[in-house]
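Q:
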Amino acid sequence: MVKLYAMSILYKGMESAKLLKAAYELGQFGFFQRSSVQEFMNFTSRIITERCNPSSRQSVKEQEYMCHVYVRPDNLAGVVISDHEYPYRVAHNMINKVR
């Protein structure tokens, strides 16, 4: 079964990326693990956004997760974190629909 863990909107500044809004589905993790998993996802989203050029898309494997990122020309970025079975095209289409 495909799983979607997080979707984040970030602003890519000159030196770092700033998290603007995020939504998580962490129900499969234990109660005491959720905060560290969420922190890992926030950190990974920021790092991937900082390394992605404007007007480009990337899909990066990070541990057992797939991180899909798109940075628009105005430096707003969308990040989707899912499992490996989640289709790349669906993730990037979902990021495109966020306005």
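Note that the sequence shown covers residues 1 to 99 in UniProt numbering. The C-beta atom is built at its ideal place from N, Cα and C for all residues, glycine as well.
(1) Give every residue of the same chain whose Cβ lies closer than 7 Å to the Cβ of residue 34, excluding the five residues on either side of it in the sequence, and list them in chain order.
(2) Below 8 Å between beta carbons: does that hold for residue 2 and residue 59?
(3) Please confirm whether residue 69 and residue 47 have their CB atoms less than 8 Å apart.
(4) When DSSP builds the beta bridges, which residues end up paired with residue 11?
(5) For residue 92, I'd like the list of residues in its chain whose CB is within less than 7 Å of its CB, leaving aside the five on either flank, ordered along the chain.
(6) Please look up how many angstroms separate the CB atoms of residue 50 and residue 16, rounded, as I've assumed it's under 8 Å.
(7) Round the Cβ separation of residue 86 and residue 41 to the nearest angstrom and send it over; I've been treating them as touching at under 8 Å.
(8) Could you check whether residue 73 and residue 55 sit closer than 8 Å to each other, using their CB atoms as the reference points?
A: According to the structure data:
(1) These residues qualify, in order along the chain: 26.
(2) No; because the gap between Cβ atoms is not below 8 Å, this pair is not in contact.
(3) Judged by their CB atoms, residue 69 and residue 47 are not nearer to each other than the 8 Å cut-off.
(4) As a beta-bridge residue in DSSP terms, residue 11 pairs with 18 and 76.
(5) These residues qualify, in order along the chain: 57, 68 and 70.
(6) A Cβ-Cβ distance of about 6 Å is found for the pair residue 50 and residue 16, placing them in contact under the 8 Å criterion.
(7) Wrong, their Cβ atoms sit about 14 Å apart, outside the cutoff.
(8) Yes; because the gap between Cβ atoms is below 8 Å, this pair is in contact.
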